[in-house]
Structure formats: C-alpha cells, structure tokens
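Undergrad: Keeping their order, the protein sequence lines are chains E and B. Count along the first sequence from 1, then add 259; that gives the number in our numbering. Count along the second sequence from 1, then add 1305; that gives the number in our numbering.
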Amino acid sequence: MNLRRALAVSRRVFMDLRNDKRTMALITIAPLFAMAIFGLAFSGEMNDIRVIIVNEDVGMATPLGQAYISKVLISNLDHDALDIETMNDLPSALAMIVDGNAWAVFHFPANFTNVTMLAHSQETEASTAVNIYIDMSNINVADSVMQVFNDAVQQTIAQSGLEPPVSLNRTAVYGQNADFMDFFVPGIMAFVVYILTTLLTLITFVGERTSGTLDRLSSTPLRESEIVAGYAITFSIVGTLQALLLLTVGMLVFGVSVEGNVVLAFTVIALLAIVCQALGILLSAVTHREAQAIQLIPFIIMPGFLLSGVFWPLEALPAWLRPFSYLVPPSYAIDACRSVMLRGWGLDMVWMDIVALVAFACVFLLMATLSLKRRG
Amino acid sequence: MPAIHVSKLEKKFGDFKALDGLDLEVRKGEVYGLLGPNGAGKTTAIKVLTGLLKKTSGNAEILGVRMPCKDIAQRIGYMPQETALYVGLTVHQNLEFFGKLFGMDKAAILAREADLLKFIDLEKWRDELVANLSGGMKHRVSLACALIHEPEVLFLDEPTVGVDPELRVSFWNFFGSLKEKGTTILLTTHYMDEASHCDRVGFMRSGKLIAEGEPKAILKEAGTSSLEDAFLFYARRDMQ
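Structure representation (structure tokens):
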C-alpha cells in the first residue's frame, strides 16, 4: 500500500467535506442537536405528574399538641415531580383518575398518625397504610409516582426518629455524583459517530459509484486498499473531532465530568469511526443509487438504537436478544467510553472492547476492500 | 509492438455477450476511433482494456503488458463517458488530486496544470468549484484530469458527447497535437462525422469489429460518401 496515495484520498475527502457547507453543518451541528434533544428527552426526570391527596388523618394528641405524620409525609413529597392537588372527597378524587385528569390518588385514612405511632411503640398489633390509587397505563409515570412516594416515606421516617425495620446503606463505587447526562454523553458520542460516519460514507461512496469517479480512480495506480485507508484516515479524524465537540459542550453546558483518560475514550471513538466508514463502503456495494442507500438507513439506525445500550442498559433486553448486541459495533464503543469516563477505567480494563473493535475494523476493512475489487 | 493488442476478447454479462471475439490492434502514436451505435460494445471494450471490467476470455495487451495489470495504470489515461469529477472540489483541487495519484510532486502538478488549463481555456476558472461549471467546461476538466500525468496511451470514451461544435473542433485539434507528441489515443464515438479525424477507425456491431481501416479506404471500399452510409453497408454485409 502506498501511503502517499492513501493520504491524497484522505485529503480529497477532507476538502470535499470542507467545501460542502451542508455536510459540515451535518457533521458539527447534528451531534450537538442529537445530544441536546436526546439528553433532555431521555433525562429520566419527570416533572408535574398530577396527583390528588385526600387526607382524612385526624392526627394524634401529644404534649406539644396535635401531631400529623401525614402532613410531614406530604411536605416531604417532591413538589417538582408531582403536581399536587388536595381534595376532601375520595370518590371525587378517584373520578379524576377515571377521567384521565390525574395519575394517582394518595388517601390517608383517619387513624393514619395514631396507628403509625402506636405500631412503632409496639402498643398495638394494628397496622395502617396509605391507600394509593394509580393509573398504571403508563408504567414509567406510575413507577415515578411510587418512587417519589417511597422517598418521602423514608425521609419522614428518618425525621420522625422512628427506626425502620431495615435500613439501606448505599455506597457508590463509581459515579458518586453522576447524573443522567454523565451516563448519556459517552454513549451519544459513540452513537452519533456510528450513525453519521456510516451514513456519510455510504452516501459519499454511492456518489463515487454513480458519478463515475470510482471507475476513474480504478484506472489510476490507486489501489482499493488505499481508497479504504484514505477514507478511514479522514473519518477517524472527523469522528474524533465530533466526539471532542460533544464532550466539550457536554462539559461546559451540561456539566459532564470525566473520571478517566479522555484520550483513551477518543481512541475508542476513532476506532469505531474506522469500523463505520468500512461498513458504509460495504453497504454502498449493494446499492446502485442514492435512493437505494436511503432505504438502508433504518437497518443502520435501528440496531444501534435498540441493541447498543445507548438509551437503556443491555440488561433491559430479553435474554435471547442480548447476544445480538455483540454484533453491533457501537455496543463495544459505548461500553468502553462509559467505563473510561464514568468509572475511570484504563486500558487494562477496557482492552476487551478495544480488541472487539479492532477485530470489527480488520474484518470490515478487508471486506470493504474486497467489495471494491469486485468487478463485473 | 503495437500500443494496444486485442485478440478474441469476450465479455459476457450473464448470457449477453457484450464483446464477442473482438480483435483489435492500435499502433503507437495512432488516433484510433471505435465507431458504432449504442450497445455495440465500445464502452465495454474500453472498460476491459483499462481494467475496470474483467474479461470473460481472450487476450488484451497494452504496451506489451497483458491486462488486467495494475502496473500499466501509470502509463494510461482514461476519460469516462460521465464527467466523473469531484464536483465539491475546485478545478485545481481535482487536477491536483489526480496528479498525486500518479505520483507527481507539487511543482510538476502546478506546471502541468498551467499547460492544461491554458489548453482547455479555463485558466480563470482554476479556483471555481466544478459544481458551478457548465457541462462543456466539466468535459474539458475531465479531459485535463485524464492528461495530467502525460499518459502514453489515452482512452477516451465518447469524449465529445454533449460538447458544443466549437469545443469539439478544439478537442480534435488537441488530440492531433497529442498524437504529434507520440500519444496513442483510442476513443469511442457514435458521431460518424468525427471519425474522419482519426488515423484509423473500426466499426463495432454486436461486440465485434465488422470493418476497420483508414476513413478514406473504408469509404472507398463501401462505395459511399459518408461514414454513416459506410457503417450501414458493413452492418448489412455482416447480417448476411
């Protein structure tokens, strides 16, 4: 392989990208747009979930006056997450759920405080409960409502000096102060590079085939491996720059923190870009024009979207589907980037992901070269 | 040694024979025109000769090198039927890119580029994106890209299609000047009137040559005044 010719191809692709303002916009703005939209949409924090509280608790007399545990519990509810309305009448409150005007009703019975306190002092075997009526038609909303309520219960128990039967001591081994964006940015870096590099190479290469430039290249001393290498050089650099841009904005705007060696994360991204440009060239071999290339887009996006673990963990997939994630290159890049950036892992820990990406790169580069060698 | 030697060349696409035992010999420094209607196999012949298509059987040699062979690429130039340029690059960037593929250094590319731009009369358009050029201008740039490395053998596939009459004349004048420098040119065209500019022409039909010779000799043998009528004469004779 002649490196000078491969570099000439690389430079040509760079110039083509630089001269095309729309492609430049796609390369730079699209990743940021994707990060902002996905980041906000999938941030996992729900707000303003409408719930009704029906509080019939009469409280309990204490030397300091009447005490109401229900009121403490209500004040401990997350008022950002819940849009709370108070009603006196349980049937009317339930009608709000039935009519779709509220997600849940928290009903505190009249003896709530009394029985809770007596139960704690073991003066009675009686027990009490908050009755929660909930619309389970949206499991995510229902789970959030229950989570908010449970948090308030824990907080109330702690404030009341009551001893819970079981206490949980959680110590974060990794991601002590990590929030959703810390988890999301490493994933979206790899995901964006996967999607954009594959599509950009696919469209560019279909153009090479249809415009006749590939034929013209084939009549020159340029070898197929040099074409593939030239594209690989360009897109690995473009992919790394995209990741750098995403990370910079992620750190400055979203306050994303990086625990590990960011250079290692970028190396992973560059490797992924090499895999993806080879995949784009390979896919271009089965298309004859741009319109056919567009038909391939769902087959590129969907596996990455569903199986790479970018939006939800692989553990959320059915057991039979999980092995397919091993066939999707961004799975390895996302895992490695998260491990490096969130856990602070080094090469000694993420080497298996890197080996997998290198293996993908070798196979795809070879196949892409062979696809170009194939002549009619 | 001829510049191009082809014997019993066959190229099949499935059951269809695009080339059916083509025999062809082009001498060094000669302008040879392959003439024939669409589908006669002219483009297929050029693509097999330049290594873009694999032959099914037969033999093809360029400058004594049996094809396909990548080593010969340095010595040949190819201008495809489509303009086949990077429209997102400027005229200069296209010429520079192809020059680099042929191993030329920057100084050599710039010197050659200046000559070529003067010839194709696009000096003022050097830094313009190819996308912004007219069809005729793109054809001229395409020819310049094929010539950047001063090839010994030049393959031109329908070089004058879509080119205005004035430019066609200048193209043919330039082919003449290339021939004087010793460049061998094999070109295809379906403009019969242009063939009179060639040293020799070959009529192609159904993937093989049905007649070959100097234009005047062909006209004389066919007893016609135009190459178009001569082609019809040979086509009828071939069918019989």
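A virtual CB, placed ideally from N, CA and C, is assigned to each residue, including glycine. Since we're looking at a predicted model, the values are computed, not measured.
What are the complete alpha helix (DSSP H) segments, minimum 4 residues, inside the segment 483 to 557 of chain E?
TA: Here the runs fully enclosed are 483 to 512, 521 to 543 and 549 to 554.
Undergrad: Give the secondary structure of E:Phe367 by DSSP, where H, G and I count as helix, E and B as strand, and everything else as coil.
TA: Residue 367 of chain E sits at position 108 when you count from the first residue of the first sequence. Of the three classes helix, strand and coil, the one that applies to E:Phe367 here is strand, per DSSP.
Undergrad: According to DSSP, which residues form a beta bridge with B:Gly1507?
TA: Locating residue 1507 of chain B in the second sequence gives position 202, counting from the first residue. Per DSSP, B:Leu1339 and B:Glu1517.
Undergrad: Compare the C-alpha of B:Gly1361 against each of B:Pro1470, B:Thr1395 and B:Asp1325 and name the closest.
TA: Taking the second sequence and counting its residues from 1, the one referred to as residue 1361 of chain B is at position 56. The question names Gly, yet the displayed sequence has Thr at residue 1361 of chain B. The residue with the shortest Cα to Cα distance from B:Thr1361 is B:Asp1325.
Undergrad: Can you list, in chain order, the stretches of the beta strand (DSSP E) that have 3 or more residues and sit fully within the segment 326 to 354 of chain E?
TA: You should have 341 to 346.
Undergrad: Given this structure, state the Cα-to-Cα distance separating B:Gln1386 from E:Leu276, to the nearest angstrom.
TA: As a working note, residue 1386 of chain B is residue 81 in the second sequence. As a working note, residue 276 of chain E is residue 17 in the first sequence. Computed Cα separation, rounded: 26 Å.
Undergrad: Exposed or buried, what is E:Ala388 when buried is set at 16 or more other beta-carbons lying within 10 Å of its beta-carbon?
TA: Locating residue 388 of chain E in the first sequence gives position 129, counting from the first residue. By the neighbour-count rule (16 or more Cβ atoms within 10 Å), E:Ala388 is not buried but exposed.
Undergrad: Count the CB pairs spanning the segment 610 to 622 of chain E and the segment 579 to 595 of chain E that are closer than 8 Å, and state whether there are at least three.
TA: yes
Undergrad: Could you give the C-beta distance for E:Met448 and E:Leu538, rounded to a whole number, given that I count them as a contact under 8 Å?
TA: As a first step, residue 448 of chain E is located in the first sequence; it is residue number 189 there, counting from the start. As a first step, residue 538 of chain E is located in the first sequence; it is residue number 279 there, counting from the start. At roughly 18 Å, the Cβ-Cβ gap does not stay under 8 Å, so E:Met448 and E:Leu538 are not in contact.
Undergrad: Is the beta carbon of E:Val452 less than 8 Å from the beta carbon of E:Ile528?
TA: Position 193 of the first sequence, counted from the first residue, corresponds to residue 452 of chain E. Position 269 of the first sequence, counted from the first residue, corresponds to residue 528 of chain E. Against a cut-off of 8 Å, the Cβ pair of E:Ile528 and E:Val452 comes out as a contact.
Undergrad: Does the beta carbon of B:Glu1463 sit closer than 8 Å to a beta carbon anywhere in chain E?
TA: Your numbering for residue 1463 of chain B matches position 158 in the second sequence. It does not: the Cβ of B:Glu1463 has no partner Cβ on chain E nearer than 8 Å.
Undergrad: Whose CA, out of B:Met1372, B:Tyr1383 and B:Phe1321, lies closest to the CA of E:Leu476?
TA: As a working note, residue 476 of chain E is residue 217 in the first sequence. Comparing Cα-Cα distances from E:Leu476 to each of B:Met1372, B:Tyr1383 and B:Phe1321, the minimum goes to B:Tyr1383.
Undergrad: Locate the beta strand (DSSP E) running through B:Ser1447, then write down its first and last residues.
TA: Within the second sequence, numbered from 1, the residue matching residue 1447 of chain B stands at position 142. Looking at the DSSP string, B:Ser1447 is not in any beta strand (DSSP E); the run it does join, the alpha helix (DSSP H), is Gly1440 to Leu1452.
Undergrad: Could you please give the first and the last residue of the uninterrupted alpha helix (DSSP H) stretch that includes B:Lys1360?
TA: For this step, residue 1360 of chain B is matched to residue 55 along the second sequence. Where B:Lys1360 is concerned, there is no enclosing alpha helix (DSSP H), given that its DSSP letter is neither H nor E.
Undergrad: Going by the CB atoms, is the gap between B:Gly1441 and B:Phe1334 shorter than 8 Å?
TA: Against the second sequence, residue 1334 of chain B aligns to sequence position 29. Against the second sequence, residue 1441 of chain B aligns to sequence position 136. Residue 1334 of chain B is actually Gly in this sequence, not Phe. Not closer than 8 Å, so no.
Undergrad: Is there a C-beta anywhere in chain C that falls below 8 Å from the one on B:Phe1538?
TA: Of the protein chains in the structure, E and B, none is chain C.
Undergrad: Alpha helix (DSSP H) containing B:Ser1312: first to last residue?
TA: Taking the second sequence and counting its residues from 1, one reaches residue 1312 of chain B at position 7. Counting along the chain, B:Ser1312 falls outside any alpha helix (DSSP H), though it belongs to the beta strand (DSSP E) covering Ile1309 to Phe1318.
Undergrad: Is there a Cβ from chain E that is less than 8 Å from the Cβ of B:Phe1407?
TA: Residue mapping note: residue 1407 of chain B aligns to position 102 of the second sequence, counting from 1. Under the Cβ criterion of 8 Å, B:Phe1407 is counted among the residues facing chain E.
Undergrad: Reducing DSSP to helix, strand and coil, say where B:Glu1330 ends up.
TA: Translated into positions along the second sequence, residue 1330 of chain B becomes position 25. Strand.
Undergrad: Are the CB atoms of E:Leu323 and E:Gly434 within a distance shorter than 8 Å?
TA: For this step, residue 434 of chain E is matched to residue 175 along the first sequence. For this step, residue 323 of chain E is matched to residue 64 along the first sequence. Going by C-beta atoms, E:Gly434 is not nearer than 8 Å to E:Leu323.
Undergrad: Does the structure place the segment 1366 to 1381 of chain B close enough to the segment 454 to 469 of chain E that three or more beta carbon pairs sit under 8 Å?
TA: Taking one beta carbon from each stretch, the segment 454 to 469 of chain E and the segment 1366 to 1381 of chain B have fewer than 3 pairs nearer than 8 Å; the two do not touch.
Undergrad: Starting from E:Met294, follow the alpha helix (DSSP H) in both directions and report where the run begins and ends.
TA: Taking the first sequence and counting its residues from 1, one reaches residue 294 of chain E at position 35. Start and end: Lys280 to Ala300.
Undergrad: Beta carbon of B:Leu1434, beta carbon of B:Leu1400: below 8 Å?
TA: Here residue 1434 of chain B corresponds to residue number 129 of the second sequence, with the count starting at 1. Here residue 1400 of chain B corresponds to residue number 95 of the second sequence, with the count starting at 1. Cβ distance not < 8 Å, so B:Leu1434 and B:Leu1400 don't count as in contact.
Undergrad: Which residue wins for smallest C-alpha separation from B:Thr1395, given the options B:Lys1429, B:Ala1413, B:Leu1524 and B:Val1458?
TA: Position 90 of the second sequence, counted from the first residue, corresponds to residue 1395 of chain B. Comparing Cα positions, the closest option is B:Lys1429.
Undergrad: In angstroms, rounded to a whole number, what distance separates the CA positions of E:Val412 and E:Asp438?
TA: The sequence position of residue 412 of chain E within the first sequence is 153, counting from 1. The sequence position of residue 438 of chain E within the first sequence is 179, counting from 1. Whole-angstrom Cα-Cα distance: 23 Å.
Undergrad: For the segment 1384 to 1396 of chain B, which residues have a beta carbon sitting closer than 9 Å to at least one beta carbon of chain E?
TA: Met1384, Pro1385, Gln1386, Glu1387, Thr1388, Ala1389, Leu1390, Tyr1391, Val1392, Gly1393, Leu1394 and Thr1395
Undergrad: By Cβ distance, which residues of its chain are closer than 7 Å to B:Thr1465, with the 5 residues on each side in sequence left out?
TA: In the second sequence, the residue the question calls residue 1465 of chain B occupies position 160. For B:Thr1465, where only same-chain residues beyond five positions count, the Cβ hits under 7 Å are Arg1473, Phe1476, Thr1494, Tyr1496 and Glu1499.
Undergrad: Is the beta carbon of B:Met1306 closer than 8 Å to that of B:Gly1369?
TA: One-based indexing of the second sequence puts residue 1369 of chain B at position 64. One-based indexing of the second sequence puts residue 1306 of chain B at position 1. Contact flag set, yes.
Undergrad: Pull up the distance between the alpha-carbon of E:Val587 and that of E:Asn428, whole angstroms please.
TA: If you number the first sequence from 1, residue 587 of chain E lands on position 328. If you number the first sequence from 1, residue 428 of chain E lands on position 169. So the alpha carbons of these two residues sit roughly 37 Å apart.
Undergrad: Closer than 8 Å by C-beta to E:Leu291: which residues in its own chain qualify, once you throw out the five before and the five after it? Chain order, please.
TA: Position 32 of the first sequence holds residue 291 of chain E. Excluding residues within five positions, the ones whose Cβ falls inside 8 Å are Leu504, Leu505 and Val508.
Undergrad: Is there a Cβ of chain B sitting closer than 8 Å to that of E:Ser269, yes or no?
TA: Reading the first sequence from its first residue, position 10 is the one you call residue 269 of chain E. Contacts with chain B at 8 Å (Cβ-Cβ) do not include E:Ser269.
Undergrad: Determine the direct distance from the alpha carbon of E:Ile486 to that of E:Ala267, and round the result to whole angstroms.
TA: Along the first sequence, one-based indexing puts residue 267 of chain E at 8. Along the first sequence, one-based indexing puts residue 486 of chain E at 227. Spanning the two alpha carbons is a distance of roughly 9 Å.
Undergrad: Is there a Cβ of chain E sitting closer than 8 Å to that of B:Gly1356, yes or no?
TA: Counting from 1 along the second sequence, the entry for residue 1356 of chain B is found at position 51. By this cut-off, B:Gly1356 is an interface position.
Undergrad: Compute the beta-carbon to beta-carbon distance between E:Ser329 and E:Phe367, rounded to the nearest angstrom, for a pair I have assumed lies under 8 Å.
TA: What you label residue 329 of chain E is simply residue 70 of the first sequence in a count that begins at 1. What you label residue 367 of chain E is simply residue 108 of the first sequence in a count that begins at 1. Confirmed, Cβ separation roughly 4 Å.
Undergrad: Going by the CB atoms, is the gap between B:Leu1340 and B:Gly1518 shorter than 8 Å?
TA: Within the second sequence, numbered from 1, the residue matching residue 1518 of chain B stands at position 213. Within the second sequence, numbered from 1, the residue matching residue 1340 of chain B stands at position 35. No.
Undergrad: Using a Cβ cut-off of 8 Å, which residues of the segment 399 to 431 of chain E contact any Cβ in chain B, in chain order?
TA: none
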